[in-house]
Amino acid sequence: ASSPCPGPQESRTPGVQEAANGGWRIPEDEEDEEPALEELEQREVLVLGLDGSGKSTFLRVLSGKPPLEGHIPTWGFNSVRLPTKDFEVDLLEIGGSQNLRFYWKEFVNEVDVLVFMVDSADRLRLPWARQELHKLLDKDPDLPVVVVANKQDLSEAMSMVELQQELGLQAINSQREVFLVAASIAPAGPGFEDPGSVQIWKLLLELLS
Ligand SMILES: Nc1nc2c(ncn2[C@@H]2O[C@H](COP(=O)(O)OP(=O)(O)OP(=O)(O)O)[C@@H](O)[C@H]2O)c(=O)[nH]1
Ligand SMILES: [Mg+2]
């Protein structure tokens, strides 16, 4: 009697393979293959920065969602894919809590642009942000970097001149493309009409083209 799942001892037919479990046969007929999809090219943007700097908010705003009120830490990865006319942009956030920062460096060599988000009002932790940023810069000497000075709406926010100094951006070698962009991606109050995310997106598209 013939069985739909013959055992390994039965004779082999060309084009038919036996699975290691001795059970299922997987024919290699071309008809069974998935049709090739017309794929758009992909571009990869890594979004890093200390916890609470605004990375998830940035991804939400870019994908047309309203910002969340409080800080819900990202315990791992968070990503969005945004189509453009010429390519698709994958933005990948890795959470900024201390135990996740260890993984950041594993990804910098895999992407086209790094966005490094800074909370401009977090003066106390700026030295940490600086240290983490420079570790990443050392890992890939050619990667274009967009440093976002976020939360410029807060009264205690540091100025761009101060941030440039405190983050050690002047010292970066002139071969590399480094941008420092002011932003208030999720402003605390009304009256901030230019949140900066549109400007950052335009800059990213230029760098990725
Ligand atoms: N005032 C002000 N608050 C902001 C701004 N952007 C983001 N926030 C707030 O900052 C908090 C943290 O934002 P998230 O986007 O969750 O921070 P994150 O960088 O993703 O943090 P982790 O996932 O923990 O690494 C939230 O409460 C946001 O509403 C801004 O431009 N101005
Ligand atoms: Mg997050």
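Residue numbers (UniProt numbering): 1 to 209.
Positions of the beta carbon are idealized from the N, C-alpha and C atoms, including for glycine.
These numbers come from a predicted model, not from an experiment.
If you measure from each CB to the nearest heavy atom of ligand 2 and keep those under 5 Å, what residues do you get, in chain order? Those satisfying the condition are, in chain order, Lys55, Ser56, Thr74.
Are residue 211 and Val113 closer than 8 Å when you measure CB to CB? No answer is possible for residue 211: it lies beyond the span of the chain, which begins at 1 and ends at 209.
Should the segment 115-134 be regarded as contacting the segment 65-77, the criterion being three or more beta carbon pairs within less than 8 Å? Too few Cβ pairs lie closer than 8 Å, so no.
So for Leu207, helix, strand or coil by DSSP? Leu207: helix per DSSP, three-state reduction.
Please determine if the segment 78-92 and the segment 160-176 are in contact, where contact requires at least 3 C-beta pairs separated by less than 8 Å. No contact exists between the segment 78-92 and the segment 160-176.
In chain order, what residues of the same chain have a beta carbon less than 6 Å from the beta carbon of Val147, not counting five sequence neighbours either side? Closer than 6 Å at the Cβ level, and outside the excluded window around Val147, lie Phe116, Leu180.
Going by other Cβ atoms of all chains shown within 10 Å of its Cβ, with 16 needed for buried, is Gln152 buried or exposed? By the neighbour-count rule (16 or more Cβ atoms within 10 Å), Gln152 is buried.
Where do the N-terminal and C-terminal ends of the beta strand (DSSP E) with Ser56 fall, by residue? If you look at Ser56, you'll find it isn't in any beta strand (DSSP E); it sits in the alpha helix (DSSP H) that goes 55-62.
Could you say if the segment 123-130 and the segment 162-170 meet the contact criterion of at least three C-beta pairs nearer than 8 Å? The segment 123-130 vs the segment 162-170: in contact.
Taking Asp138 as part of the alpha helix (DSSP H), name the residues at either end of that continuous run. Per DSSP, Asp138 belongs to the alpha helix (DSSP H) from 126-139.
What is the C-beta distance between Ser197 and Leu62, in whole angstroms, given that I count them as a contact (C-beta under 8 Å)? 6 Å between Cβ atoms; contact.
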